[in-house]
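Numbering-wise, the sequence shown is residues 328 to 399 according to the working numbering.
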Amino acid sequence: MNIKAATEKREIKIGSDLISIEPVKGDKTLFRISIHQTFKGYIIKQDGQYSKTAGSDIHDLIFARVCHILSQ
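If you want it as structure tokens, here you go:
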């Protein structure tokens, strides 16, 4: 039997938005962000701080909330 470890996918609700935060396999500092199952971009952790990657379509308020969740 081949068993794969589950990722630490988190889902949070902000207002009417359902946001999925999923770590990228093989990289502990990169997180894939989806809103209503639509990919919006990546958040990366560097030197203890979070930032959006280039081309990300994550709203600033959602970004702030996601960073708060990730830092807990």
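Glycine is no exception: its CB is placed at the ideal position from the N, C-alpha and C atoms.
Counted as a single uninterrupted DSSP element, the stretch harbouring I385 is not any alpha helix (DSSP H), since DSSP gives it neither H nor E. For the options L388, I371, H386 and H395, the alpha carbon positioned closest to that of T380 is the one of I371. By the neighbour-count criterion, in which a residue is buried when 16 or more other Cβ atoms sit within 10 angstroms of its Cβ, V351 is exposed.
When beta bridges are read from the DSSP output, S361 appears opposite S347 and F366.
For Q376, the enclosing beta strand (DSSP E) covers residues Q376 to K379.
Note on I346: 16 or more other CB atoms within 10 angstroms of its CB, so buried under the neighbour-count rule.
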